[in-house]
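Participant: Sharing a structure here in structure tokens format.
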């Protein structure tokens, strides 16, 4: 045991220890969170703010602890367990790292077995978060945390708490709790719960050896392990001839939706093979996701220069044009792609059909989807859904229903299919089936605000007012800032013919919120506001706002204007508006 | 124990090779006092040979594994068998190299627990503790030949586990023999460090953790270093 023995206790020791503990565990006080918010408000991305702030915090933490020890406590740095590092420290550090990894894995297995819902996927989520920063930054963070946390938590806090309380047990418990809790600010409480075994091993070994170097090495290795494993896997894949290292890193980052990072890595890969068409095409894919259409098209031009008339690159350029809004160029490239393809491929026809939909050529789009369905070897739910949607655009509800039912059969829980199917039933005025389809959709996605609104409308048409009201309420619950949902509920609360449903006060608050959300520019929402005033008996305000709604509607929509004027006439007669609905 | 000579007996049953099974501490003390280098390298090389031979005979088909999402092709059984036969030649050398590595690490990890053994003495303890390991390998090999285990379908871990568990006589015998071998090894290491077998357990745990950790670190950093430095 080389850690220092408890010293004489005095008020100043308690004060210095308290200040030191606040420095040692900064994340348990709101400072870090506040700094993080300031950094993101100043325009730094979440990843950059995290990376910059964490490295800076590590540096500041180490300096402050050193300052307290050297100038306030007037003790040597050896009192933090920092002697001269040796090979023996490195070896023990590596052994501790292995022990921490093994025990953490076993602990994670047990915890996820006991709490399968709340404790699952912690490691993958952490891994994803680590991937948001670059590799050098992630390694710097790992090493920085290894030094800062060990110096602060074990080197400083453990000895001081032990000196202050005279109890090793209390010191272990306090350091264990605080060092685990220190992870909450950045990683959340679940991760803090998962690091307990690692913190315990680090604390016990420090208690045993009184030397911080093995802890620093083990901690740094443990934190950098996910990054090292990722780098090693990609390097090994590269050595097995599965692609250049940077191209593999780029694919990896693309897979984790880090598109700017993927572009960066593809650029590195292209530095050694600037004319590689495949790399250019893949970089274009990443650029498309960052909405850098010009660069994506330039890359695909270059890819096509290297591999003239390649149908895949042509179709990829067509889709970039399509997303950029250049539909004619998109169509032209898509036609060339299909012409150049040595064999008919359903995916090419499917992509061209998408472009044709936007060019308002539903028949051509349907014809391409017919071909795609014929060429596809398996029954593809997506193709049936797309053709169903194309029929919906043509208001051919029978054909749409046929395809969408087929798609729903193939992929029963696809929310996009269910939503389109419900719309097809609406088009056929089959409201019961529409409501049933939306019920299925809401079983899959209970927080789908649009589905709640649509089912509420369908239920109203079926005369199921209470059920409809429940849906409007659910829509506002899941989408408190969804202007349509807020407006629709307000309208029900103002205009229902059922007195027990009406609630003028809530209706007015909701109507004001909906108008604010829509920038006071939506005639129908202001109409709802007027209805809420009328329901409260404030007809003067109702008339003012109804006139405003009529002005906004202008001449563009004659039927809407006529309806709004009818509402106005009632308010002038000092009568609230009541919506007559079909009987159930 | 020092000063009480333990005869390097004339018959096999009276020799150190047999008596280490029942009095490991006394035998290893006598050996290190007499000559800590005695037969150590030869025992390690034989242990490597027997281990590789047993592995070659108890051959199991390796399953394909993957790096990233790219699967690495399964090694053909014939090729694997060749590899295992080559191992019979290579493993004795590897075993001697490991004897030196483990000797050095266990001297260090034993010292962490207050051990006073010298590297050469710890190496003798590691080497001589392989004698029971050799016998265990031979017994298990004989048992395998008499009572062949069922083939394991390695592609399905549940099936593989169930098949393995179904072969309980082999498993039980293995567990008992290897546990006994391990306890003898702990006593040998404890004796040369002049501490308890429990401390030897701590020293061995740290040694194993270091070997695994170092392997992970090397396996992780080597491909990275190669890619960044040479490509």
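Protein chains in written order, with the numbering used here: chain R, 706 to 1289; chain Y, 147 to 377.
Ideal placement from N, C-alpha and C gives every residue a C-beta, glycine not left out.
Computed from a prediction, not measured in an experiment: that's the story for all the values here.
Taking C-alpha atoms, which residue in R:1060, R:1010 and R:1051 lies nearest to residue 1025 of chain R?
Facilitator: Of the candidates R:1060, R:1010 and R:1051, the one whose C-alpha sits nearest the C-alpha of residue 1025 of chain R is R:1060.
Participant: My understanding is that residue 256 of chain Y touches residue 349 of chain Y, with C-beta atoms under 8 Å, so please give their C-beta distance in whole angstroms.
Facilitator: That pair is a contact at about 4 Å.
Participant: What does residue 359 of chain Y reach in chain R if we use C-beta pairs closer than 7 Å?
Facilitator: Correct list: 799, 800, 802 and 803.
Participant: If you measure from the beta carbon of residue 366 of chain Y to each beta carbon in chain R, is any gap under 7 Å?
Facilitator: So, interface residue.
Participant: Is the CB-CB distance between residue 951 of chain R and residue 970 of chain R below 7 Å?
Facilitator: Contact: yes.
Participant: Could you please give the first and the last residue of the uninterrupted alpha helix (DSSP H) stretch that includes residue 1038 of chain R?
Facilitator: First-last of the alpha helix (DSSP H) with residue 1038 of chain R: 1032-1045.
Participant: Check distances from the C-beta atoms of the region 932-953 of chain R to those of chain Y and list, in chain order, the residues that come in under 9 Å.
Facilitator: For the region 932-953 of chain R, which is checked against every Cβ of chain Y, the residues closer than 9 Å are 933, 934, 936, 937, 938, 939, 940, 941, 942, 943, 944, 945, 947, 949, 950 and 953.
Participant: What does residue 247 of chain Y touch in chain R if you count any residue whose Cβ is under 9 Å from its own?
Facilitator: Neighbours of residue 247 of chain Y on chain R: none; closest Cβ ~12 Å, over 9 Å.
Participant: Taking 7 Å as the CB-CB cut-off, is residue 842 of chain R touching chain Y?
Facilitator: Closer than 7 Å: no.
Participant: Run through the region 1137-1206 of chain R for me and flag every whole alpha helix (DSSP H) of 4 or more residues, listed as ranges in chain order.
Facilitator: With a minimum length of 4 residues, the continuous alpha helix (DSSP H) runs that stay inside the region 1137-1206 of chain R are 1154-1166, 1170-1183 and 1188-1200.
Participant: Roughly how many angstroms separate the alpha carbons of residue 323 of chain Y and residue 282 of chain Y, rounded to a whole number?
Facilitator: Roughly 6 Å separates the two Cα atoms.
Participant: With the cut-off set at 7 Å, would you say residue 903 of chain R and residue 809 of chain R are in Cβ contact?
Facilitator: A contact, by the Cβ cut-off of 7 Å.
Participant: Does DSSP classify residue 197 of chain Y as helix, strand or coil?
Facilitator: Note: residue 197 of chain Y maps to helix in three-state DSSP.
Participant: Could you tell me which chain Y residues have their CB closer than 9 Å to the CB of residue 793 of chain R, listed as they occur along the chain?
Facilitator: Here the neighbours are 254, 257 and 258.
Participant: Take residue 857 of chain R and list the residues in its own chain whose beta-carbon comes closer than 6 Å to its own, dropping the five residues that flank it on each side.
Facilitator: Result list for residue 857 of chain R: 729, 766 and 770, in chain order.
Participant: Using a Cβ cut-off of 7 Å (strictly closer), state whether residue 796 of chain R contacts chain Y.
Facilitator: So, interface residue.
Participant: Please report the distance separating the alpha-carbon of residue 981 of chain R from that of residue 359 of chain Y.
Facilitator: Those two C-alpha atoms are separated by around 39 Å.
Participant: Is any beta-carbon of chain R found at less than 7 Å from that of residue 373 of chain Y?
Facilitator: Cβ-Cβ to chain R under 7 Å: yes for residue 373 of chain Y.
Participant: Counting along the chain, where does the alpha helix (DSSP H) carrying residue 919 of chain R start and finish?
Facilitator: Segment 917-944, the alpha helix (DSSP H) holding residue 919 of chain R.
Participant: If distances are taken between C-alpha atoms only, which option among R:922, R:847 and R:828 comes closest to residue 790 of chain R?
Facilitator: Of the listed residues, the one whose Cα sits closest to residue 790 of chain R is R:922.
Participant: In the DSSP assignment, find the alpha helix (DSSP H) that holds residue 1079 of chain R and state where it starts and stops.
Facilitator: Note, residue 1079 of chain R: alpha helix (DSSP H), 1067-1080.
Participant: What is the residue span of the alpha helix (DSSP H) that residue 898 of chain R lies within?
Facilitator: 894-899 is the extent of the alpha helix (DSSP H) around residue 898 of chain R.
Participant: With a threshold of 7 Å between beta carbons, is residue 352 of chain Y in contact with chain R?
Facilitator: It does; some Cβ of chain R falls within 7 Å.
Participant: So, is residue 210 of chain Y buried or exposed, given that buried needs 16 or more other C-beta atoms within 10 angstroms?
Facilitator: Confidence at residue 210 of chain Y is low in this model, with a pLDDT of 44, below 50, so its placement is unreliable and the value that follows should be read with caution. Flag for residue 210 of chain Y reads exposed.
Participant: Out of curiosity, what's the CA-to-CA distance linking residue 1191 of chain R and residue 1154 of chain R?
Facilitator: Computed Cα separation, rounded: 11 Å.
Participant: Which residue comes first and which comes last in the alpha helix (DSSP H) that contains residue 779 of chain R?
Facilitator: No alpha helix (DSSP H) holds residue 779 of chain R; DSSP gives it neither H nor E.
Participant: Which of the three DSSP states is assigned to residue 887 of chain R in this structure?
Facilitator: If DSSP states are grouped into helix, strand and coil, residue 887 of chain R belongs with coil.
Participant: Whose CA, out of R:1046, R:760, R:968 and R:828, lies closest to the CA of residue 1013 of chain R?
Facilitator: Measuring from the Cα of residue 1013 of chain R, the nearest candidate turns out to be R:1046.
Participant: At 9 Å on the CB atoms, spell out the chain R contacts of residue 363 of chain Y, in chain order.
Facilitator: 799, 802, 926 and 933, listed in chain order.
Participant: What is the residue span of the alpha helix (DSSP H) that residue 971 of chain R lies within?
Facilitator: Residue 971 of chain R -> alpha helix (DSSP H) spans 964-977.
Participant: In whole angstroms, give me the CA-to-CA distance for residue 881 of chain R and residue 909 of chain R.
Facilitator: Cα to Cα, residue 881 of chain R sits roughly 10 Å from residue 909 of chain R.
Participant: Given residue 196 of chain Y, which residues of its chain have a CB within under 7 Å of its CB, disregarding the five upstream and five downstream residues?
Facilitator: Excluding residues within five positions, the ones whose Cβ falls inside 7 Å are 280, 283 and 284.
Participant: In or out: residue 945 of chain R buried (at least 16 other Cβ within 10 Å) or exposed?
Facilitator: By the neighbour-count rule (16 or more Cβ atoms within 10 Å), residue 945 of chain R is not buried but exposed.
Participant: Name the chain R residues that come within less than 7 Å of residue 355 of chain Y, Cβ to Cβ?
Facilitator: By Cβ distance, chain R contributes 800, 803 and 804.
Participant: Run through the region 1195-1278 of chain R for me and flag every whole alpha helix (DSSP H) of 4 or more residues, listed as ranges in chain order.
Facilitator: Complete alpha helix (DSSP H) runs here, min 4: 1209-1222, 1228-1240, 1244-1258 and 1263-1277.
Participant: Identify the contact partners of residue 370 of chain Y in chain R, using a Cβ-Cβ distance below 8 Å as the criterion.
Facilitator: In chain order: 933, 936, 937 and 940.
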